[in-house]
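Below is one structure, written out as structure tokens; comments come after it.
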Amino acid sequence: SCGSFIKTEPSSPSSGIDALSHHSPSGSSDASGGFGMALGTHTNGLDSPPMFAGAGLGGTPCRKSYEDCASGIVDDIKCEYVINAIPKRLCLVCGDIASGYHYGVASCEACKAFFKRTIQGNIEYSCPATNECEITKRRRKSCQACRFMKCLKVGMLKEGVRLDRVRGGRQKYK
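Every letter in the sequence shown is one number past the one before it in UniProt numbering, and letter 11, counting from 1, is 11.
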């Protein structure tokens, strides 16, 4: 089943008006109770299908043309998930999804915190093997020495860690 969609009318090539202003006000054409919304602009006539977010498909955005839904050949067409089309930046240390740029490098929260703790605590690690351990999301905790070396190799800057903001360890009672 296709779910309910709002048909977007093709706009003329000369107008760059957003497709949201061209949808039909009738809403859905099927009784499944799902709703669809146009996600992007559609300015090139019939060449490319409009993008829809179909709540009738579990809320997962997909790309289908209205004609495909109406003709019932949707079962043969696979959704192109818009969410998966957005490129995700990966941590250069372990390959996990990066949360941003930390100490000059795209990295995840785990590698950011590991690097910060190592620098602030002035910790020196030693590899029990040959200093060639593979650092991945799954194995990043297996060798701290190789993980720290990889942090430095990919360009994390020791100077970026603020030493005046060291968190307190255990409280010392008198």
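Note that beta-carbon positions come from the ideal geometry of N, C-alpha and C, so glycine has one too.
Quiz item: Does DSSP put Ile97 in a helix, in a strand, or in coil?
Solution: Strand.
Practice problem: Could you say which of Leu90, Cys127, Lys150 and Glu159 lies nearest to Ile135 if we only look at CA atoms? | Solution: When the alpha-carbon of Ile135 is set against those of Leu90, Cys127, Lys150 and Glu159, the nearest one is in Lys150.
Quiz item: Going along the chain, which residues of its own chain have a beta-carbon closer than 6 Å to the beta-carbon of Lys137, five neighbours each way excluded?
Solution: Only Cys94, Gly95 and Asp96 meet the Cβ criterion.
Quiz item: Exposed or buried, which one is Ile123 when buried takes at least 16 other CB atoms within 10 Å?
Solution: Flag for Ile123 reads exposed.
Quiz item: For Leu157, which of helix, strand or coil comes out of DSSP?
Solution: Note: Leu157 maps to coil in three-state DSSP.
Quiz prompt | Inter-residue Cα distance where the pair is Ile119 and Pro87 | solution = Their backbone Cα atoms lie some 31 Å apart in a straight line.
Exercise. Look at Ala98 and Ala110 and say whether their C-beta atoms are less than 7 Å apart.
Key: Against a cut-off of 7 Å, the Cβ pair of Ala110 and Ala98 comes out as no contact.
Quiz item: Quick one, which of Ala113, Lys141 and Arg89 has its alpha-carbon nearest Lys158's?
Solution: Nearest option by C-alpha distance: Ala113.
Quiz prompt | Closest Cα partner of Leu163 within the set Lys153, Val154, Gly121 and Cys143 | solution = The shortest C-alpha separation from Leu163 is found at Gly121.
Quiz item: Can you tell me the Cα-Cα spacing of Ser29 and Leu90, whole angstroms?
Solution: Below a pLDDT of 50, predicted positions are generally treated as unreliable, and Ser29, at 41, falls in that range; the measurement from the model is reported next regardless. Roughly 41 Å separates the two Cα atoms.
Quiz prompt | Residues near Cys133 by beta carbon distance below 6 Å, same chain, minus five either side | solution = The answer, listed in chain order, is Cys143 and Cys146.
Quiz item: Where does Ala129 fall in DSSP's three states?
Solution: Looking at Ala129 - three-state DSSP - the assignment turns out to be coil, as it is neither helix nor strand.
Quiz item: Any idea if Arg139 is buried or exposed, counting beta-carbon neighbours within 10 angstroms, 16 or more meaning buried?
Solution: It counts as exposed.
Quiz prompt | Sub-7 Å separation of Leu92 and Val161 beta-carbons | solution = Taking C-beta atoms as the reference points, Leu92 and Val161 fail to come closer than 7 Å.
Quiz item: CB-CB under 6 Å to Lys116, same chain, minus the five flanking residues each way: which ones, in chain order?
Solution: Here the set comprises Val161.
Quiz prompt | Nearest residue (CA-CA) to Gly104, options Phe148, Tyr125 and Leu152 | solution = The closest CA to that of Gly104, considering only Phe148, Tyr125 and Leu152, is found on Leu152.
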